[in-house]
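K.L.:
My questions will all concern the structure given below.
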Amino acid sequence: MQLKNFLAATAAFVAVSQPAFAYHVKRARTTSLLGSFPGQGALPTVAQVQSTSSGNDSLPLENIQGDILVGMKKQKEQFVFFHINNATTFKKVLKTYAPANITSIQTLLSAPSAQPLAFVNLAFSQSGATALGVTDDLGDSFFSAGQFADASALGDDTSNWDSTFTGTDVHGVFLIGSDETSFVEQYQSDLEAKLGDAWTVSLTIASAARPGDEAGHEHFGYLDGISNPTITGFGTALPGQSVVDPGIILAGRTGDTVSRPSWALDGSFLVFRKLKQLVPEFNKWTLANAIQNASGNLTAQEGADLLGSRMFGRWKSGAPIDLSPDVDDASLGTDPQRNNNFNYTHAGSDITSDESRCPFSAHIRKTNPRDLESVIGHANHAIRAGTPYGPELTDDESSSGTTSTDRGLAFVEYQSNIGNGFRTQQEVWANAAAFPFGKTESIGLDPVIGQGDRTTYGLNAQNVTESYSVPSFVISNGGEYFFSPSITALVETFAA
Ligand code: HEM
Ligand SMILES: *[C@@H]1O[C@H](CO)[C@@H](O)[C@H](O)[C@H]1NC(C)=O
Ligand SMILES: *[C@@H]1O[C@H](CO)[C@@H](O)[C@H](O)[C@H]1NC(C)=O
Ligand SMILES: *[C@@H]1O[C@H](CO)[C@@H](O)[C@H](O)[C@H]1NC(C)=O
Ligand SMILES: *[C@@H]1O[C@H](CO)[C@@H](O)[C@H](O)[C@H]1NC(C)=O
Ligand SMILES: *[C@@H]1O[C@H](CO)[C@@H](O)[C@H](O)[C@H]1NC(C)=O
70 MQLKNFLAAT
80 AAFVAVSQPA
90 FAYHVKRART
100 TSLLGSFPGQ
110 GALPTVAQVQ
120 STSSGNDSLP
130 LENIQGDILV
140 GMKKQKEQFV
150 FFHINNATTF
160 KKVLKTYAPA
170 NITSIQTLLS
180 APSAQPLAFV
190 NLAFSQSGAT
200 ALGVTDDLGD
210 SFFSAGQFAD
220 ASALGDDTSN
230 WDSTFTGTDV
240 HGVFLIGSDE
250 TSFVEQYQSD
260 LEAKLGDAWT
270 VSLTIASAAR
280 PGDEAGHEHF
290 GYLDGISNPT
300 ITGFGTALPG
310 QSVVDPGIIL
320 AGRTGDTVSR
330 PSWALDGSFL
340 VFRKLKQLVP
350 EFNKWTLANA
360 IQNASGNLTA
370 QEGADLLGSR
380 MFGRWKSGAP
390 IDLSPDVDDA
400 SLGTDPQRNN
410 NFNYTHAGSD
420 ITSDESRCPF
430 SAHIRKTNPR
440 DLESVIGHAN
450 HAIRAGTPYG
460 PELTDDESSS
470 GTTSTDRGLA
480 FVEYQSNIGN
490 GFRTQQEVWA
500 NAAAFPFGKT
510 ESIGLDPVIG
520 QGDRTTYGLN
530 AQNVTESYSV
540 PSFVISNGGE
550 YFFSPSITAL
560 VETFAA
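In terms of this note's numbering, the sequence shown opens at residue 70 and continues consecutively.
See the structure below:
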């Protein structure tokens with residue numbers, strides 16, 4: 070080899086490999102970009118999925134956007150809502166960006182050393198799909214009309230909506246997640262540099278697992294992300310965990326009964342809601358309305374904690390009140406082998422009238438009536454994947470009982486059918502005083518998320534007919550309905 074060629078080849082080698090070198094040596098991951106939180110089971114490995122998924126529903130792990138199947142395991146997550154100004158340029162960037170950087174479930178299940186610094190997922194609203202010339206009917210009328218059109222049916226007061234969401238201007242959202250905020254910001258800056266004037270970022274929501282011992286808990290203090298369904302073939306279910314056909318979550322798979330374009334296969338509808346939480350107000354109200362146990366020996370704070378547990382159906386530790394109705398049991402709450410192994414049925418107890426352990430209106434019983442699964446079926450499950458946003462409570466807020474900083478839940482839920490999943494849970498169940506059993510006068514709304522006349526019953530185990538008019542501690546700031554396509558659909562359909 071001539072010296073000139075050798076030098077040229079060496080220069081090329083250095084030019085090409087230096088960033089990779091720097092990346093791997095200085096920045097190689099030794100820990101996963103996802104978090105590991107109390108009470109949640111571990112994700113399966115790629116090998117486990119390969120040995121459990123089979124036949125026509127063998128999951129193409131490298132083609133499914135990762136967030137759809139990981140649940141609430143995000144440490145730092147940024148939601149970047151955007152509007153497309155120049156479809157041609159947007160498509161051009163997406164065509165090379167998506168294969169390199171849109172993170173599959175395969176990547177998220179792989180060893181940390183094989184993971185990027187941050188994961189990136191991308192979903193489009195109907196108006197975004199239309200802006201990119203993707204006009205096939207995805208077969209979901211809620212998606213095609215957008216969430217703003219659905220606001221009043223959901224019971225939202227649109228005067229509380231963030232103006233970003235009032236209309237159909239949000240075309241899509243990038244979800245960027247990592248263990249470190251600096252990596253998330255680096256990826257967002259890179260997208261801004263690549264897309265330039267081709268887009269406008271309309272809103273960024275930075276969310277993160279809460280610090281220290283509160284990691285995995287939402288802002289009211291309750292451990293979250295414990296109960297998510299899994300899909301057939303995605304590893305082994307935990308005791309009591311619901312296993313649903315892949316098509317309940319992934320479009321085009323067994324269990325999805327709607328006809329959709331072929332490119333929709335392995336995509337999922339992403340429901341996003343910015344849900345503001347009034348934490349000091351919740352604390353103040355539960356204390357003011359503290360209840361008693363049968364022995365009458367609870368302190369006011371213990372009575373407030375008991376009331377809170379009956380609103381959620383779980384104690385703050387995650388322990389289900391159906392299994393531990395009188396006291397919190399942290400070892401139960403954090404044990405994934407036990408914390409879902411219940412279904413509200415007990416020997417000698419009538420599920421249509423017995424609320425001694427768990428009210429019918431409790432948040433987790435309204436949104437997943439486990440005792441009625443044999444009647445209702447599995448179609449209303451969805452995978453929750455949100456992350457808390459906003460700072461911890463300040464001393465001032467605690468002492469005044471008044472929220473002065475915006476905090477809440479960046480709520481995300483994935484399903485193949487918005488009407489069956491999110492909308493059934495919110496509108497048909499949580500907002501419906503008569504659900505279940507048709508007893509309007511004795512069940513009431515989900516005291517956490519129900520919208521409408523927020524009268525509810527069953528919160529006081531000593532007198533389940535006592536009615537409560539519960540203030541709204543969760544305020545919807547709006548959101549949008551998105552579709553999170555497979556990675557090949559991003560490249561071949563959205564970037565085409
Ligand atoms: C800020 C608002 C919300 C808070 C603070 C909240 C909190 C919680 C908590 C603490 C749990 C128990 C942990 C678990 O079982 O994984 C839970 C479970 C659940 N939530 Fe929410 N949630 C909120 C909004 C929603 C919304 C809007 C929906 C759907 C419309 C929803 C649907 C569910 C479902 C399906 C479960 C699991 C029930 C089960 O399988 O037993 N949540 N939530
Ligand atoms: C979109 O960007 C391309 C490349 O910069 C440019 O040629 C084109 O005129 C732009 N289109 C519109 C509608 O602005
Ligand atoms: C993938 O993302 C990284 C980090 O933001 C960026 O440096 C790189 O250019 C992206 N790759 C492509 C092909 O767009
Ligand atoms: C897969 O095969 C089963 C059994 O033959 C069938 O019921 C199901 O509809 C098929 N699913 C798809 C997505 O073709
Ligand atoms: C509840 O779980 C028990 C124990 O696993 C089971 O025997 C029973 O059939 C379940 N009941 C319902 C209604 O799902
Ligand atoms: C239970 O509550 C109802 C409705 O508030 C009330 O009428 C009734 O007197 C209460 N019963 C007892 C035993 O306190």
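Idealized CB from N, CA, C, for every residue including glycine.
1) Please name the residue in Ser511, Ser555, Gly527 whose C-alpha comes closest to that of Gly382.
2) Where does the unbroken alpha helix (DSSP H) through Pro408 begin, and where does it stop?
3) Pull up the distance between the alpha-carbon of Ser328 and that of Phe150, whole angstroms please.
4) In three-state terms, what does DSSP make of Leu264?
5) Tell me whether the beta-carbon of Lys145 lies closer than 7 Å to the beta-carbon of Val242.
6) Report, in whole angstroms, the separation of the C-beta atoms of Thr172 and Val189, which I expect to be a contact under 8 Å.
7) Measure the Cβ-Cβ separation of Gln134 and Gly304 and say whether it is below 7 Å.
8) For a test of the three-state rule: what should DSSP assign to Lys385, helix, strand or coil?
9) Are the CB atoms of Glu350 and Leu478 nearer to each other than 7 Å?
10) For a test of your reading of the model: does the CB of Leu307 fall under 6 Å from any non-hydrogen atom of ligand 1? Yes or no.
11) Do Ser337 and Ile318 have their CB atoms nearer than 7 Å?
12) Strictly by DSSP, which residues pair up with Val481?
13) If I measure Cβ to Cβ from Phe90 and keep anything under 8 Å in the same chain, skipping five residues before and after, which residues do I get?
14) Got a sec: does ligand 3 put a non-hydrogen atom nearer than 6 Å to the Cβ of Asp248?
15) Excluding sequence positions up to five away, which residues of its chain have a Cβ less than 8 Å from the Cβ of Phe411?
16) Cα separation between Ser271 and Thr227?
17) What would DSSP say about Ala192, mapped onto helix, strand or coil?
18) Hey, could you find the ends of the alpha helix (DSSP H) Tyr166 is sitting in?
19) Report the rounded CA-to-CA distance for Leu334 versus Asn170, giving the unit in angstroms.
20) Let me make sure I understand the geometry here. Which of Pro168, Ser555, Leu178 has the alpha-carbon closest to that of Leu102?
21) Could you tell me how far apart the beta carbons of Phe217 and Thr237 are, in whole angstroms, since I believe they sit closer than 8 Å?
22) Per DSSP, what kind of secondary structure is Gly124 in: helix, strand or coil?
23) If we count the other Cβ atoms within 10 Å of its Cβ and call it buried at 16 or more, is Gly459 buried or exposed?
24) Helix, strand or coil for Thr99 per DSSP?
25) Taking only three categories from DSSP, how would you classify Gln257?
26) Contact between the stretch 200-214 and the stretch 111-131: three or more CB pairs below 8 Å?
27) Who are the Cβ neighbours of Gly372 in its own chain at under 7 Å, not counting the five residues just before and after it?
28) Determine, using beta carbons only, whether Asp231 and Gly547 come nearer to each other than 7 Å.
29) Under 7 Å, do Gly316 and Ser105 count as touching if we go by C-beta distance?
30) Would you tell me roughly how many angstroms separate the C-alpha atoms of Trp268 and Asn155, rounded to the nearest one?
31) Leaving out the 5 sequence neighbours to the left and right, which residues in its chain are closer than 7 Å to Lys95 when beta-carbon positions are compared?
32) Is the stretch 462-469 in contact with the stretch 494-508, if contact means three or more CB pairs nearer than 8 Å?
33) Should Ser555 be labelled buried (16 or more other beta-carbon atoms within 10 Å of its own) or exposed?
34) Any idea what DSSP makes of Ala564, helix, strand or coil?
35) Mapping DSSP to helix, strand and coil, what is Phe211?
36) Given a cut-off of 7 Å, decide if Thr524 and Ser511 are closer than it, judged by their beta-carbon atoms.
P.N.:
On the basis of the coordinates in this document:
1) Along the sequence shown, one-based indexing puts residue 382 at 313. It is Gly527.
2) The residue you call residue 408 lines up with position 339 of the sequence shown. Looking at the sequence itself, residue 408 is Asn, so the reference to Pro does not match. Segment: none, Asn408 is in no alpha helix (DSSP H) and carries neither H nor E.
3) Here residue 328 is taken as the residue at index 259 of the sequence shown, counted from 1. Here residue 150 is taken as the residue at index 81 of the sequence shown, counted from 1. Taking the CA atoms as reference points, Ser328 sits about 29 Å from Phe150.
4) To locate residue 264, count along the sequence shown from 1; it is residue 195. In the structure shown, the three-state DSSP call for Leu264 is helix.
5) As a first step, residue 145 is located in the sequence shown; it is residue number 76 there, counting from the start. As a first step, residue 242 is located in the sequence shown; it is residue number 173 there, counting from the start. The criterion of a C-beta distance shorter than 7 Å is not satisfied by Lys145 and Val242.
6) Indexing the sequence shown from 1 puts residue 172 at position 103. Indexing the sequence shown from 1 puts residue 189 at position 120. That belief holds up - the Cβ atoms of Thr172 and Val189 are roughly 6 Å apart, short of 8 Å.
7) The count along the sequence shown starts at 1 and reaches residue 134 at position 65. The count along the sequence shown starts at 1 and reaches residue 304 at position 235. In this structure, Gly304 does not lie closer than 7 Å to Gln134 by Cβ.
8) On the sequence shown, position 316 is the one that residue 385 refers to. Here Lys385 carries a coil assignment [DSSP, helix/strand/coil].
9) Walking along the sequence shown from the start, residue 350 turns up at place 281. Walking along the sequence shown from the start, residue 478 turns up at place 409. No, they are not a contact pair.
10) Reading the sequence shown from its first residue, position 238 is the one you call residue 307. Result no, Cβ not under 6 Å from ligand 1.
11) Indexing the sequence shown from 1 puts residue 337 at position 268. Indexing the sequence shown from 1 puts residue 318 at position 249. Taking 7 Å as the Cβ cut-off, Ser337 and Ile318 qualify as a contacting pair.
12) Sequence index remark: in the sequence shown, residue 481 carries index 412 (1-based). By DSSP's assignment, Val481 forms a beta bridge with Phe341.
13) Here residue 90 refers to the residue found at position 21 when the sequence shown is read from its first residue. Residue placement at Phe90 cannot be trusted, given a pLDDT of 39 that sits under 50; what the coordinates show is reported in the next sentence. Here the set comprises nothing.
14) Numbered from 1 along the sequence shown, position 179 holds the residue referred to as residue 248. Distance from the C-beta of Asp248 to the nearest heavy atom of ligand 3 is not below 6 Å.
15) Counting from 1 along the sequence shown, the entry for residue 411 is found at position 342. Beyond the five residues adjoining it in sequence on each side, Phe411 comes within less than 8 Å, by CB distance, of Gly309, Pro389, Asp391, Leu392, Arg439 in the same chain, given in chain order.
16) Here residue 271 refers to the residue found at position 202 of the sequence shown. Here residue 227 refers to the residue found at position 158 of the sequence shown. Roughly 18 Å between the two C-alpha positions.
17) Residue mapping note: residue 192 aligns to position 123 of the sequence shown, counting from 1. Ala192 falls in the strand class under three-state DSSP.
18) Numbered from its first residue, the sequence shown carries residue 166 at position 97. Taken as a continuous stretch (DSSP letters only), the alpha helix (DSSP H) holding Tyr166 covers 156-170.
19) Indexing the sequence shown from 1 puts residue 334 at position 265. Indexing the sequence shown from 1 puts residue 170 at position 101. Each residue's Cα considered, the two are about 20 Å apart.
20) On the sequence shown, residue 102 is found 33 positions in, with the first residue counted as 1. Among Pro168, Ser555, Leu178, the Cα nearest to that of Leu102 is on Leu178.
21) Mapped onto the sequence shown, residue 217 falls at position 148. Mapped onto the sequence shown, residue 237 falls at position 168. Contact between Phe217 and Thr237 holds, since their C-beta atoms are separated by about 7 Å, short of 8 Å.
22) Mapped onto the sequence shown, residue 124 falls at position 55. Reduced to three states, the DSSP call for Gly124 is helix.
23) Counted from its first residue, the sequence shown places residue 459 at position 390. Burial is judged here by how many other beta carbons sit within 10 angstroms of a residue's own beta carbon; Gly459 has at least 16 and is buried.
24) As a first step, residue 99 is located in the sequence shown; it is residue number 30 there, counting from the start. Thr99 carries a coil assignment under DSSP once its states are collapsed to helix, strand and coil.
25) Locating residue 257 in the sequence shown gives position 188, counting from the first residue. Of the three classes helix, strand and coil, the one that applies to Gln257 here is helix, per DSSP.
26) Not touching, per the Cβ criterion.
27) Stepping through the sequence shown from its first residue, residue 372 is reached at position 303. For Gly372, where only same-chain residues beyond five positions count, the Cβ hits under 7 Å are Ala359, Ile360, Gln361.
28) Position 162 of the sequence shown, counted from the start, is the residue given in the question as residue 231. Position 478 of the sequence shown, counted from the start, is the residue given in the question as residue 547. Pairing Asp231 with Gly547 gives a Cβ-Cβ distance under 7 Å.
29) If you number the sequence shown from 1, residue 316 lands on position 247. If you number the sequence shown from 1, residue 105 lands on position 36. Remark: C-beta atoms of Gly316 and Ser105 do not approach each other more closely than 7 Å.
30) Translated into the one-based positions of the sequence shown, residue 268 becomes position 199. Translated into the one-based positions of the sequence shown, residue 155 becomes position 86. So the two alpha carbons sit approximately 7 Å from each other.
31) Mapped onto the sequence shown, residue 95 falls at position 26. Bear in mind that a pLDDT of 48 at Lys95, under 50, signals an unreliable position, so the model cannot answer this.
32) By the C-beta criterion, the stretch 462-469 is judged not to be in contact with the stretch 494-508, since fewer than 3 inter-stretch pairs fall below 8 Å.
33) Locating residue 555 in the sequence shown gives position 486, counting from the first residue. Classification of Ser555: buried, given that the 10 Å Cβ count is 16 or more.
34) In the sequence shown, counting from the first residue as 1, residue 564 sits at position 495. The answer is coil: DSSP assigns Ala564 none of H, G, I, E or B.
35) Translated into the one-based positions of the sequence shown, residue 211 becomes position 142. DSSP, read as helix, strand or coil, puts Phe211 in helix.
36) Counting from one through the sequence shown, the residue named residue 511 turns up at place 442. Counting from one through the sequence shown, the residue named residue 524 turns up at place 455. Taking a C-beta distance under 7 Å as the contact criterion, Ser511 and Thr524 do not qualify as a contact pair.
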